[in-house]
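Protein chains: 2
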Amino acid sequence: MTERRKVAANTTLRDVAERVGVSVSAVSMALQDHPRIGDDTKRRIREAADELGYVTNSAARALRASKADAIALIVPNTSQHVFGHAYFMHVLTGVTAVANRNDAQVVISTSPDESHGKVAYDRVLRSGSVDGAIVTSAAVTDDGIQRLVADGLPVVLLGRFPYLPDAVSVGIDDVRASELATEHLIQAHGRRALVHLTGPLDHQSAIDRRDGFLAAAARHGVGTYIVEGDFSEESGAAAGPQIEALGDVDGLVAANDEMAFGAMRHLLGRGRRVPEDLAVIGFDDFGLSRVTTPSISTMHVPAERMATQATDRLFDLIGGARVAADEAHTVQPVELIARQSCGCEPMGRAQGGDKQ
Amino acid sequence: MTERRKVAANTTLRDVAERVGVSVSAVSMALQDHPRIGDDTKRRIREAADELGYVTNSAARALRASKADAIALIVPNTSQHVFGHAYFMHVLTGVTAVANRNDAQVVISTSPDESHGKVAYDRVLRSGSVDGAIVTSAAVTDDGIQRLVADGLPVVLLGRFPYLPDAVSVGIDDVRASELATEHLIQAHGRRALVHLTGPLDHQSAIDRRDGFLAAAARHGVGTYIVEGDFSEESGAAAGPQIEALGDVDGLVAANDEMAFGAMRHLLGRGRRVPEDLAVIGFDDFGLSRVTTPSISTMHVPAERMATQATDRLFDLIGGARVAADEAHTVQPVELIARQSCGCEPMGRAQGGDKQ
DNA sequence: AGGCAGTGCTGGAACGTTAGAGCAACCCCA
DNA sequence: TGGGGTTGCTCTAACGTTCCAGCACTGCCT
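Right, dumping it as structure tokens:
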């Protein structure tokens, strides 16, 4: 009568069993729809469970079945940097969608600091609180992941990790994508002197995008300059004066949209015209590039689809699937989104009607 | 010798105990730095644990201690809608920061669909896989939360929930903030005929922002129009023609930045000048409003700080703190960010130098 | 009549951890 | 010399679940 006064001690299998008058095992089996339990008993058990508001204690289940029904989304970098990036939102959307479909929880695992970071995801995975992990934005030099993979834990990487050939990964071909962006400025817009604004060069994607730029420029015999940035809008703005100093450049290939925006905003403020004086193309298409004026042409990175596929593969791994060596790495296609900053789309009033 | 061949069966307390030659309990106590274990034994145990790569099995610990060392971040709406919003990123940043500080994991809990949603967070909380929850963006009509709160489970709400007076919540004063925005257009810019673009009116914040707009307008005797939107950029664009038809309006107060942007982009495309013909002010300041041209004046909502405080309060609750009735609700201050769309900041080139 | 295959349940052990009770051994002071 | 306190461990019983082995009972075939 005076039940659930404060923090209603959770109802367990035993409570249900007593109510129905069967054993605990019978209740457990009934709730799993085991064939060896009679239909009538099952019905009575399910009714009682509903009435008492029974919910399986996930810790006990995890302990017994050594299955947590949860996956981790691991972000080794500091949360400031990555969450600030719209990339993460797309990834999270993809991961949760697939996790939901598999009735699994998603645990977000960030490392407070770089040094403690190594041990952070190590602990999560080995503590048995998750069945596997998606690892995103890992620093190039991280060896902890290698160990996890070598120990046979289900791990899928998001991005390209040439130094981890055995790990399952889902990424894009950054080199080829950067070539396409560069060639677009050269071939579609006739630009002959290009500057590339790089990301931090300890990130594989930054390296690859630079290499793609250089390869395409070399192939077509156009002039090249390199300015180093760090993927932030500020670093793009900071690169502005350096680009101004390069009198003859007529095209900018930025390693992401934020830097493109930072540089563009600076140069527009100094009276340079985009795209007339300087054609600009960015990279990522995570939202920013669509809403600026001029809108920024870019290489669309299908982050959500990458996350979806990575998570699908993770559940395959958890399910016990073995991956052939030549199937370890999946590459998603990228797409050139031509907007105003390269000159493909006219400036001015007519942009109201475009659809997604 | 042939250890850890495949999925190295995780090392347990027992493995460490056998290695050192003590009992399992001794190892458990040593790792918790219990005073009744000798210093030398502790040292030997810790060394062995390190060597064997021992990590506490969190399921077993959770089962035994009925403490999961994890909190849930619950997003009842469909993931599409909410993750698409930069709001969530700020919230996640705040929540993970505090969770890290408390050595707790963060579980993201989204409901695949609206109907199934109710049971979703109910299950998460009652299954014992988390110690408490932050609930964000809950629909106004949700009664499941009421039950959780009534059952004494640690729950903190993000936003204002006037129909849940007992629940602990952290929010802003949307009415007052909307009044401030509206008064800014009236007093600082002399606007006399205002249109308000609302959010979905089953959300408390949308209701409050509309009410604040109406109150301020009435107080200053300016004309008002209401156009209903749903917080999306598309609904802002769709409201564009309706606003055009309202010939005499000279100010737009949008319930968020995305709608302000949608409407503004449409109207700019039709030859209307912002801010000259129409002063625009938005709401949120989650990123978009800073990067558009013209940049959008807005009410800054300190989402990350709200999340930080909510999570702090959650851990207080988990720690057993009782909350006095008059301390249940915390209100964070909002701030007017005056940019170009209302006329405060000049248009054109000079915006390169602004800092965060 | 005996065996034998189902059917429908019960009993009990195990998962890895924690914590309270218990117990030797020691030291100190009366 | 013996009682009382401290130190440093061990033993054991949980926590709630799952699952295998067992067991009684029915029905059927030979």
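Respectively, the protein sequence lines represent chains R and Y. If you read the first sequence in numbering that gives the first Met the number 0, its first letter stands for residue 0, the second for the next number, and so on. If you read the second sequence in numbering that gives the first Met the number 0, its first letter stands for residue 0, the second for the next number, and so on. From the three backbone atoms N, C-alpha and C, an ideal C-beta is built for every residue, glycine too.
#1: If you measure from the beta carbon of residue 64/Y to each beta carbon in chain R, is any gap under 7 Å?
#2: Just grab the DSSP bridge partners of residue 298/Y for me.
#3: How many Å lie between residue 107/Y and residue 288/Y at the Cα?
#4: Measuring straight from C-alpha to C-alpha, what distance separates residue 52/Y and residue 162/R?
#5: For the beta strand (DSSP E) containing residue 157/R, name the first residue and the last one.
#6: According to DSSP, is residue 110/R helix, strand or coil?
#7: Return the residues of the segment 84 to 112 of chain R that lie within a Cβ-Cβ distance of less than 9 Å from chain Y, sorted by chain order.
#8: For the segment 189 to 231 of chain Y, list the alpha helix (DSSP H) runs that are entirely contained and at least 4 residues long, ordered along the chain.
#9: Within a Cβ cutoff of 8 Å, which residues of the same chain sit near residue 356/Y, ignoring the five residues on either side of it in sequence?
#10: Counting pairs of beta carbons, one from the segment 233 to 245 of chain Y and one from the segment 200 to 213 of chain Y, are three or more of them closer than 8 Å?
#11: Could you have a look at residue 133/Y and say whether DSSP puts it in helix, strand or coil?
#12: Just to confirm, is the Cβ distance from residue 195/R to residue 242/R under 7 Å?
#13: Are three or more beta carbon pairs between the segment 313 to 326 of chain Y and the segment 271 to 284 of chain Y nearer than 8 Å?
#14: What in chain Y is Cβ-close to residue 54/R, meaning under 7 Å?
#15: Would you verify that the beta carbon of residue 6/Y is, or is not, closer than 7 Å to some beta carbon of chain R?
#16: Could you say which of 230/R, 16/R, 263/R, 70/R lies nearest to residue 309/R if we only look at CA atoms?
#17: Using three-state DSSP, classify residue 78/R as helix, strand or coil.
#18: Taking 7 Å as the CB-CB cut-off, is residue 61/R touching chain Y?
#19: Could you please give the first and the last residue of the uninterrupted beta strand (DSSP E) stretch that includes residue 252/Y?
#20: Give the DSSP-derived three-state secondary structure of residue 33/R in the structure shown.
#21: I want to see whether chain R comes within less than 7 Å of residue 58/Y, judged by CB atoms only; does it?
#22: Does DSSP put residue 124/Y in a helix, a strand or coil?
#23: Could you pull out every residue in the same chain whose Cβ sits closer than 7 Å to the Cβ of residue 346/R, ignoring the five residues on either side in sequence?
#24: If we count the other Cβ atoms within 10 Å of its Cβ and call it buried at 16 or more, is residue 33/Y buried or exposed?
#25: When you compare the CB positions of residue 221/Y and residue 322/Y, do they come within less than 7 Å of one another, or not?
#26: Between residue 78/Y and chain R, is any beta-carbon pair separated by less than 7 Å?
#27: Quick check on the burial criterion: 16 or more other C-beta atoms within 10 angstroms. Buried or exposed for residue 13/R?
#28: When we look at the beta-carbon of residue 245/R and count the other beta-carbons within 10 Å, is it buried (16 or more) or exposed?
#29: From which residue to which residue does the alpha helix (DSSP H) around residue 280/R run?
#30: Please name the residue or residues paired with residue 71/R in a DSSP beta bridge.
#31: For the putative contact between residue 303/Y and residue 131/Y, defined by C-beta atoms under 8 Å, what is the C-beta separation to the nearest angstrom?
#32: I'd like to check one pair, residue 192/R with residue 142/R: are the Cβ atoms closer than 7 Å?
#33: Excluding five sequence neighbours on each side, which residues of the same chain lie with their C-beta closer than 8 Å to the C-beta of residue 28/Y?
#34: Would you mind giving the Cβ-Cβ distance between residue 184/Y and residue 250/Y, rounded to the nearest angstrom? I have them listed as a contact below 8 Å.
#35: Between residue 292/R and chain Y, is any beta-carbon pair separated by less than 7 Å?
#36: Is the beta carbon of residue 73/R closer than 7 Å to that of residue 120/R?
This is what the structure holds:
#1: no
#2: 335/Y
#3: 27 Å
#4: 24 Å
#5: 154 to 157
#6: coil
#7: 84, 85, 87, 88, 89, 91, 92, 94, 95, 96, 98, 99, 100, 104, 105, 106, 107, 108, 109, 110, 111
#8: 203 to 219
#9: The question about residue 356/Y has no answer here: the residues shown for chain Y are numbered 0 through 355.
#10: no
#11: strand
#12: no
#13: no
#14: 122, 125, 126
#15: Only weak support exists for where residue 6/Y lies, its pLDDT of 45 falling under 50; the value from the coordinates is given anyway. For residue 6/Y, the answer is yes, since a Cβ of chain R falls inside 7 Å of its Cβ.
#16: 70/R
#17: With a pLDDT of 47 at residue 78/R, under the threshold of 50, the modelled position of that residue is not reliable, and no figure is offered here.
#18: yes
#19: 250 to 253
#20: coil
#21: yes
#22: helix
#23: 293, 339
#24: exposed
#25: no
#26: Because residue 78/Y sits at a pLDDT of 47, beneath the cut-off of 50, its placement in the model cannot be relied upon, and the following sentence gives the value as read from the coordinates. Interface residue, yes.
#27: exposed
#28: exposed
#29: Segment 278 to 280 is the beta strand (DSSP E) holding residue 280/R; no alpha helix (DSSP H) there.
#30: 106/R, 132/R
#31: That pair is no contact at about 19 Å.
#32: no
#33: 35, 36
#34: 4 Å
#35: yes
#36: yes
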